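In the UniProt record's numbering, the protein residues as written are 1 to 609. Okay, structure first, notes after.
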């Protein structure tokens, strides 16, 4: 019993110390101003949420210390010496992280590798900040008087082994923060308060420990460049005509974005066995603003949402989630609209934290995030392997929308098409594919939206988050369904988004750029172009797949390998959707290759900057 009481007492004390450290860092970084109580009050709920991370890193110290006590039968005096070393290392990590944050504005993560792999870098760091090192030694010595356990085991080998198992269980529970899975640092966004709230909630030592133990090295790809292309210069000229610098405005209504899980662009306007696969979507598409070709920003939900909401590319072949830049402060559309007075919420039919989706949407600026477990009595609803079907998700989202203040931004990530299991109510003789059934659910949702009593105009965006179609060409992997339609309260045709076909290829980053443009929001960092006036922006759309990139401009696409310069090929994508018939490059082919290569190189530099 004394072991249990000693353990709980130590975990409590080490958790409190973590909170104290975070408070000191908040003051040091001037996030909290002791002369301005409002600066503390506004972020205090997020700060309190950080106890999960304080307990997590404290549990690591607890496990190391108590296992040593039990394994080597350490005396309280010997345990105090070891505890001092652990505390000092803990404080050094906090200090290192705060110094890094002072310069960069974000917590230290994968960069910790440079401290261990570059010869002399740790000694150089200690030499530069020797006063901080001395202060950390003094702090560790002082705290050790209070934190160090006064416990000595008197049990035999069997008793000590049992106690070690108990300690391991307690440490695992603490490390997980009483959650089902270990806490990635991005979970700090659950604290609320946006990037600043997440920064306050995350214990810097925990972030460093996670990066070091998880071996999370840089996700940045190396891109080989020919000597005759100055990518910085080419990209700067191209980027000068991107970004929303002077928005046109004209729309201050509600926005509903439905991310259609894994829908295929190849099924748009397609008839299979005499049956139209997506009859409702196809009809609505013809009545909306749509494009010849619309391209996904990746292969995962988080990649599609990031591209669509932040108007930026993803790390090549990866998501920002669970990467070294997951905690970087990106300026995204939901945050910009919140600053304009919009309320917002995001809904998904699967678990809220599947692949980090719920965390990502909070990071982009959505004020609330809901998953299947937030739906009342979700266990009683019919489900597939991932979660609830779209009918129940749409109903839940509509109920929540009724409680939102207009104007609002609502995002929905559907789930019916997450696997191929039909609900029992679906007529299998009528519906041949799961997307055909999901199209019917979407039609029912659209009817409910149209019959809703709106205070303002509303705009509907339908776009796949990504596609799962594993076709033979790079095109098959990234072509997705897309439409955007403005519904006016007076029933008149939209003046900001006419219902028409835009010829050419466009991509997910254009969604946030378009919405920022028509809502009057400045977004100079966005790399997409506004579909309300695409002629005002530099042309071009990019995709990347397994080392190959394709740059689309007009009816042409240039495909090149990012690791082997000089292997570019040209295709008329409208005539050759599979990219099997190479054509002689057009007169603008060289310029397209330079722009495509410069975009993929320099946009990645911006992403990881």
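We put the beta carbon where it would ideally sit given N, CA and C, even for glycine. None of the values given here were measured: they were computed from a predicted structure.
The segment 387-401 touching the segment 438-448, judged by at least three CB pairs closer than 8 Å: yes
Touch test, the segment 226-234 against the segment 484-499, Cβ-Cβ under 8 Å, three pairs minimum: no
Continuous beta strand (DSSP E) assignments of at least 3 residues falling wholly in the segment 447-533: 458-464, 482-487 and 501-507
3 or more residues per run - each beta strand (DSSP E) lying fully within the segment 542-577: 548-553, 556-561 and 569-572
Beta carbon of residue 187 nearer than 8 Å to that of residue 481: no
Sheet register partners of residue 144 (DSSP bridge): BP columns for residue 144 are empty, so no partner.
Same chain, Cβ closer than 7 Å to residue 145, five either side skipped, listed in chain order: none
Contained alpha helix (DSSP H) runs [length at least 4] in the segment 314-361, N- to C-terminal order: 333-339
Between the CA atoms of residue 73 and residue 355 - distance to the nearest angstrom: 43 Å
Proximity below 8 Å, CB of residue 203 to CB of residue 371: no
Start-to-end residues for the beta strand (DSSP E) that takes in residue 411: 408-413
Per-residue DSSP class, three states only, for residue 369: strand
Cβ-based neighbour list, residue 486, same chain, cut-off 6 Å, excluding 5 preceding and 5 following: 459, 494 and 497
Secondary structure of residue 17, DSSP reduced to three states: helix
Residue 252, DSSP secondary structure in three states: coil
Distance between beta carbons of residue 595 and residue 551, contact taken as under 8 Å: 6 Å
Integer-rounded CB distance, given that residue 148 should sit under 8 Å from residue 79: 6 Å
CA-to-CA distance, residue 309 to residue 244, given in whole angstroms: 14 Å
Nearest-angstrom Cβ-Cβ length linking residue 62 and residue 17, presumed shorter than 8 Å: Incorrect: roughly 12 Å between the Cβ atoms, too far for contact.
8 Å Cβ cutoff met for residue 151 and residue 6: yes
Three-state class that DSSP yields for residue 196 in the structure shown: helix
Residue 193 versus residue 312 - alpha carbon distance: 23 Å
Contact check, residue 523 vs residue 336, beta carbons under 8 Å: yes
Expected contact under 8 Å - CB spacing of residue 136 and residue 91 to nearest Å: 4 Å
C-alpha distance - residue 171 paired with residue 428, whole-angstrom precision: 50 Å
For residue 288 and residue 270, the rounded distance between their alpha carbons: 18 Å
Nearest residue (CA-CA) to residue 273, options 516, 28, 131 and 436: 436
Closest by C-alpha distance to residue 589, when choosing among 554, 239, 25 and 461: 554
DSSP three-state assignment for residue 234, whether helix, strand or coil: helix
Environment of residue 35 [buried if 16+ CB atoms lie within 10 Å]: exposed
Reduced DSSP secondary structure (H/G/I, E/B, other) of residue 268: coil
Beta carbon of residue 467 nearer than 8 Å to that of residue 261: no
Identity of the residues DSSP links to residue 244 by a beta bridge: 523
Of the residues 518, 23, 55 and 24, the one placed nearest residue 8, counting alpha carbons only: 55
Under 8 Å between C-beta atoms of residue 350 and residue 361: no
Rounded Cβ spacing between residue 526 and residue 541 (contact assumed at less than 8 Å): That pair is no contact at about 14 Å.
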